[in-house]
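**Student:**
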Amino acid sequence: MVLGLGNCGLKGNIPVWLSSCRKLQVLDLSWNHLDGSIPSWIGSMENLFYLDFSNNSLTGEIPRNLTELKILVSTNCSSSSLTSYAGIPLFVKRNKSSNGLQYNQASSFPPSILLSNNMINGTIPPEVGRWKQLHVLDLSRNNISGTIPSSISEMENLESLDLSSNDLIGSIPKSFEKLTFLSKFSVAYNRLQGAIPNGGQFYSFPASSFEGNIGLCGEIDSPCNSSANNMLKPVLPPGSNSKFGRSSIIAMTLSVGIGISLLLAAVLFRMSRRDDEDPVDDLDEELSRPRRLSEALGSSKLVLFQNAYCKDLTVADLLKSTNNFNQANIIGCGGFGLVYKASLPNSTKAAIKRLSGDCGQMEREFQAEVEALSRAQHKNLVSLQGYCRHGSDRLLIYSYMENGSLDYWLHESLDKSSILKWDVRLKIAQGASRGLAYLHKVCYIPPEYSQTLMATCRGDVYSFGVVLLELLTGRRPVEVCKGKNCRDLVSWVFQMKSEKREAEIIDSSIWDKGREKQLLEMLEIACKCLDHDPRRRPYIEEVVSYLDGIGVEAAGQQ
């Protein structure tokens, strides 16, 4: 069911004997030296939903048969067919210097087609729109030409789309605004032109998603119909003769031609690196490389608070403690970056949050966390030990929590004896609500958040309602391998409630007739937090009171 042979020095064509592996679900042949074309018979593999041929030397076009992968095309995709368990952790390499991302079971892999960093040519077949269940599509760093098919907007479950560093022309289809799950997008370094869509998720994508396309407009720095977009249009001064106009045009044309030649030389130089023994490093690997010491010391500022438990920490210590942000040290992720485990010089541990993304958004998030959490002292909040500006990075240093994340204990732990019991889940809900109430009372949200609707107190209550549902159901907020109609936990819960099937919502491992009242009361609290109208959601202080009441009732039964 799972075949992972990434970074094994394999050469030659993709072997035809793979076509007889009828149960194969996950196929990873990345970071090898495979050549030839992608075989069309892969499209007939009925159970394959994760395909990674990235970082090889594959040529030819994307076979249209590939768009017939049954499990990606089906509109009734169910997680029941994606439950294989390998018995050992499965790792996927995003770059050559790391140990890879860990998955404990095949069903944790997001349905993906990863073909980046090859020499694939031709166009993107419009039939890719049939991949209704695909979550990740990466065709970056190839030689793909033609236009971007608007049919991609029919891939309603798509979360990540990377078409960067190709030879694509035309415009970005406006229909992409319909991709409501899209959280990562890049068409950088192509030959696209026209207006960048501004609806749906597009307001949240950084400028780097579109750079390298001189014909695109719509960004703050390059609005459409502005003078910046008319720079190549020759404007003759009053009274100038045609000879002056022609010479000006010729001079300007030569200047543009020289600029394009330099750009092509840079592109050709970058492409020539494909012929080296090692493929082009992934962006994550480039970011993880240590800077030169002079650069690091010249642009870094480390601030530690008085209560910090590692007073003499330096920037060099911080980088070394995470092995220069090696992926093997990743312990979590947030909306603006990853969290790394750090082993500090005094033998203590810390959690380092590394903010990334659009510069403006990243800086606002950094300022907000420093200003809010530097004042926060509460037993239900992880304490902020300090922060650091290191080049373009923004680092936040937190206390390290030894017992792992709630996500791990609810969704990733394979030890049946370690399933969280009801009383533990209730305590988690109570503690988290008290910490959130403290933040709402003591730390005032930055004004720009309320203006941009990026964060509000009522929005926090909604998010907390989702956490309550996770605790009650044992399900993720968005189920990876379910169809659109059942992968959204909130919609599913409200649908079940409308059908009077509340008991079926609760995780079977904590369901008990004796505590039915407590469980359904928490479910009711969660649904109040998730009210479609923010004005009808309770304040977090009310949620704390509700949960304390359930706690008193539970204690009385013991």
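Plus 1234 on top of the position in the sequence shown (first one is 1) and you've got this note's numbering. Each residue gets a CB set at the ideal place from its N, CA and C atoms; glycine is no exception. This one's a predicted model, so the numbers in the text were calculated from it and none came from an experiment.
1. Express the C-alpha separation of G1785 and K1661 in angstroms, rounding to a whole number.
2. Please confirm if the stretch 1665-1680 is in contact with the stretch 1729-1740, defined as three or more CB-CB distances below 8 Å between the two stretches.
3. Does R1749 pass the burial test, meaning 16 or more other C-beta atoms within 10 Å, or should it be called exposed?
4. When the Cα atoms are used, what is the spatial distance from A1320 to L1416?
5. Roughly how many whole angstroms lie between the Cα atoms of E1520 and N1289?
6. Beta-carbon within less than 7 Å of R1771's beta-carbon, same chain only, minus the 5 sequence neighbours each way: which residues are those?
7. Would you give the residue range spanned by the beta strand (DSSP E) that H1624 belongs to?
8. Give every residue of the same chain whose Cβ lies closer than 7 Å to the Cβ of V1307, excluding the five residues on either side of it in the sequence, and list them in chain order.
9. What residue ranges within the stretch 1389-1420 form continuous beta strand (DSSP E) runs of no fewer than 3 residues, ordered along the chain?
10. Is H1645 helix, strand or coil by DSSP?
11. Using three-state DSSP, classify Y1634 as helix, strand or coil.
12. For N1558 and K1751, what's the separation of their Cα atoms in angstroms?
13. Count the other C-beta atoms from every protein chain shown that fall within 10 angstroms of the C-beta of L1502, then say buried if there are 16 or more, exposed otherwise.
14. If you count every other CB in all the chains shown that lies within 10 Å of the CB of C1622, and 16 or more means buried, which is it?
15. For N1432, tell me which candidate among L1757, Y1634, K1408 and C1567 has the shortest Cα-Cα distance.
16. Expressed to the nearest angstrom, what Euclidean distance is found between the alpha-carbon atoms of I1272 and P1711?
17. Can you give me the Cβ contacts of V1291 inside the same chain, cut-off strictly under 7 Å, excluding the 5 residues immediately before and after it?
18. Grab the span of the alpha helix (DSSP H) containing A1663 for me, first residue to last.
19. Quick check on A1760: does DSSP put it in helix, strand or coil?
20. Measure from the alpha carbon of N1355 to the alpha carbon of each residue in A1606, L1348, P1344 and N1376, then state which is nearest.
21. At what residue ranges does the stretch 1691-1731 contain a whole run of the beta strand (DSSP E), taking only runs of 3 or more?
22. Could you say which of G1428, R1588, L1239 and L1753 lies nearest to G1783 if we only look at CA atoms?
23. Might you give, ordered along the chain, the residues of its own chain that have their beta carbon closer than 6 Å to the beta carbon of S1274, omitting 5 neighbours on each side?
24. Residues bridged to G1566 by DSSP?
25. Buried or exposed for Y1423, please, with buried defined as at least 16 other CB atoms from any protein chain shown within 10 angstroms of its CB.
26. Around the C-beta of T1556, are 16 or more other C-beta atoms found within 10 angstroms, so that it is buried, or is it exposed?
27. So, using beta-carbon positions, are L1644 and L1705 closer together than 9 Å?
28. Whose C-alpha, out of A1576, V1250 and L1572, is nearest the C-alpha of A1550?
29. Confirm, please, whether the CB-CB distance from Y1773 to E1755 is below 9 Å.
30. Find out if the Cβ-Cβ distance for the pair K1418, E1388 is shorter than 9 Å.
31. What are the boundary residues of the alpha helix (DSSP H) that Y1423 is part of?
32. Give the single residue among F1600, A1663 and L1578 whose Cα lies nearest to the Cα of G1571.
33. Quick check on the DSSP output: what are the complete alpha helix (DSSP H) runs of length 4 or more inside the stretch 1242-1311, in order along the chain?
34. Applying the criterion that 16 or more other CB atoms from any shown protein chain within 10 Å of the CB defines a buried residue, is Y1632 buried or exposed?
35. Please say whether T1707 and I1740 have beta carbons closer to each other than 9 Å?
36. Just the C-alpha distance for L1426 and L1303, rounded to the nearest angstrom, thanks.
**Tutor:** This is what the structure gives:
1. The straight-line gap from Cα to Cα measures roughly 8 Å.
2. The answer is no - the stretch 1729-1740 does not touch the stretch 1665-1680, with fewer than three Cβ pairs under 8 Å.
3. So R1749 counts as buried.
4. Because the pLDDT at A1320 is just 44, under 50, the model does not fix this residue reliably, and the point stays unresolved.
5. Note that E1520 has pLDDT 33, beneath the 50 cutoff, so the model's placement of it is unreliable and the number below is only indicative. Taking the CA atoms as reference points, E1520 sits about 15 Å from N1289.
6. Excluding sequence positions up to five before and after R1771, its CB lies within less than 7 Å of the CB of R1692, V1695, Y1696, K1762, C1763 and D1765, all in the same chain and listed in chain order.
7. H1624: member of the beta strand (DSSP E) spanning L1618 to H1624, first to last residue.
8. By the criterion of a C-beta distance shorter than 7 Å, V1307 is surrounded in its chain by R1364, W1365 and K1366, once the five residues flanking it on both sides are discounted.
9. Whole beta strand (DSSP E) segments, 3+ residues: 1394-1396, 1401-1404 and 1418-1420.
10. H1645: helix per DSSP, three-state reduction.
11. Three-state result, Y1634: coil.
12. Going from the Cα of N1558 to the Cα of K1751 covers about 50 Å.
13. Residue placement at L1502 cannot be trusted, given a pLDDT of 48 that sits under 50; what the coordinates show is reported in the next sentence. Exposed, because fewer than 16 other Cβ atoms sit within 10 Å of the Cβ of L1502.
14. Result: buried.
15. Taking N1432 as reference, the option from L1757, Y1634, K1408 and C1567 with the minimal CA-CA separation is K1408.
16. Cα to Cα, the separation comes out at about 35 Å.
17. Looking at the sequence itself, residue 1291 is Ser, so the reference to Val does not match. Within the same chain, S1291 has close Cβ partners H1267, L1268, D1269, N1352 and M1353.
18. It spans W1656 to V1676 - the alpha helix (DSSP H) in which A1663 sits, taken as one unbroken run.
19. In this structure, DSSP gives A1760 a helical state, which the three-state scheme calls helix.
20. For the residues A1606, L1348, P1344 and N1376, the minimum Cα distance to N1355 belongs to N1376.
21. Whole beta strand (DSSP E) segments, 3+ residues: zero.
22. The option with the nearest alpha carbon to G1783 is L1753.
23. Counting only Cβ-Cβ distances below 6 Å, and skipping sequence neighbours, we find P1297 and N1299.
24. For G1566, DSSP records a beta bridge to V1573.
25. Per the 10 Å Cβ criterion, buried.
26. T1556 is classed as buried because its beta carbon has at least 16 other beta carbons within 10 Å across all chains shown.
27. For the 9 Å CB-CB criterion, L1644 and L1705 form a contact.
28. Cα-wise, what sits closest to A1550 is A1576.
29. In this structure, E1755 lies away from Y1773, with their beta-carbon atoms at least 9 Å apart.
30. Contact flag unset, no.
31. Y1423 -> no alpha helix (DSSP H), and no H or E assigned at all.
32. Closest option to G1571, Cα to Cα, is F1600.
33. If one requires a minimum length of 4 residues, the alpha helix (DSSP H) runs lying completely within the stretch 1242-1311 are 1304-1307, in chain order.
34. Taking all protein chains shown into account, Y1632 has 16 or more neighbouring C-beta atoms within 10 Å of its C-beta and is therefore buried.
35. Yes, the Cβ-Cβ distance between I1740 and T1707 is below 9 Å.
36. Distance from the CA atom of L1426 to the CA atom of L1303, rounded to whole angstroms, is 29 Å.
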